[in-house]
Amino acid sequence: MIQITCKRCQAILSNTLKEIVLDSDIIGQGEEIVEEEYYSNGHENASAMHADRVLINTEDAILLDHKKIYDYYGCCGFELTNFLNQICPNCNLGVATIVTECYTDHYLAFQKDKIIIIDIMQ
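Here is the structure:
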């Protein structure tokens, strides 16, 4: 199990998560690609710009919206972008991108060079 923290200030940014291997055959547009309480180290279903990020369910994050997040809002949710539209609630470092638009898979993608992954003993 892991917990994700901010690289700059070490604030906790996620719930405690278990690793999962995603099955690309069961994922559909407009659905979360990672179940709650799980994470994946990238996935081919995420956009090419997010394929090498740490992916989690949007409900498992402890983040704030970037002040410019509504610049990336589509008809139903947050559009696919490389912009780090989620920030650390402690130091305001951009750490992740949330994607929730109706025509996309839904997920939160942490940029690996902005976070520290802490192993939690079970």
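9 is the number of the first residue of the sequence shown in the working numbering; add one for each residue after it. The beta carbon of each residue, even a glycine, is placed where N, CA and C say it ideally should be.
Chain-order list of residues whose beta-carbon lies under 7 Å from that of residue i (same chain, five-residue window excluded)
i	result
ILE70	ILE20, LEU21, SER22 and PRO97
GLN119	ARG61, LEU92, VAL103 and ALA104
GLY85	THR108, GLU109 and CYS110
6 Å Cβ shell around residue i - same chain, five flanking residues per side excluded
i	result
HIS58	ALA117
GLY102	LEU92 and ILE95
GLY38	CYS110
THR112	LEU88
Buried versus exposed, by CB contacts within 10 Å (16 or more), residue i
i	result
GLN94	buried
GLU109	buried
ASP127	exposed
Under the three-state DSSP convention, the category residue i falls into
i	result
LYS26	strand
GLN11	strand
GLU39	coil
Contact check, residue i vs residue j, beta carbons under 9 Å
i	j	result
ASP68	GLU44	yes
ILE41	TYR115	yes
THR66	ASN90	no
ILE125	ILE28	no
Bridge partners - residue i, DSSP secondary structure assignment
i	result
TYR47	GLU27 and ILE64
ALA104	GLN94 and PHE118
ILE123	CYS14
ASP73	GLN94
Neighbourhood of residue i by C-beta, 8 Å cutoff - its chain only, sequence neighbours within 5 removed
i	result
LEU25	MET9, ILE10, GLN11, ILE12, GLU45, TYR46, TYR47, ILE64 and ASP68
CYS99	CYS14, ARG16, CYS17 and ALA19
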